[in-house]
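Residue numbers (my numbering): 1 to 109. Ideal Cβ placement from N, Cα and C applies to all residues, glycine included. This one's a predicted model, so the numbers in the text were calculated from it and none came from an experiment. To start, the structure under review is shown below, and the notes come after it.
Below, the structure is given as C-alpha cells:
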C-alpha cells in the first residue's frame, strides 16, 4: 500500500528509512522507473532476520538496492541533499522509536 500511495512519484532514486524485512525496498526496486533504492536499518538483529528470510533475499541480491546499517538520525545528515525522488518512512511503533517521529527527522527529508 505504501508503494501504491506513491504511484508515479516512485521513480529515480528512492530512500527507504527503516528497512525491516525489506519488502518495501524490494518492491520499490522492482519498479522499472526506479534506478536505485537506498535503505537504512538500525538493528543488526533485523539484518540477520533478513538474511534468514527467503523473501528478503533480494535485499542482498538486487544491484539496485543499497543497504545502510545505522541510526537513521545519524545517517540522514550524511546523505546528499535533494538526491531522492521519493522517500518512504515506515518506522516501528512510536513507543519503540519516538525520535524517528520527531520534527527534526522530518526536516531532514
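Check: Within 8 Å, strictly: CB atoms of residue 21 and residue 50; Outcome: yes
Check: Residue span of the beta strand (DSSP E) that contains residue 68, given as start and end; Outcome: 65–69
Check: Beta-carbon proximity of residue 14 to residue 86, cut-off 8 Å; Outcome: yes
Check: Residue 5 versus residue 18: straight-line alpha-carbon distance, rounded; Outcome: 18 Å
Check: Cα-Cα separation between residue 71 and residue 42, rounded to whole angstroms; Outcome: 5 Å
Check: As assigned by DSSP and simplified to three states, the class of residue 30; Outcome: coil
Check: Run of the beta strand (DSSP E) containing residue 86, from where it starts to where it stops; Outcome: 86–89
Check: Status (buried if at least 16 other CB within 10 Å, exposed otherwise) for residue 34; Outcome: buried
Check: Rounded C-alpha distance that separates residue 68 from residue 59; Outcome: 11 Å
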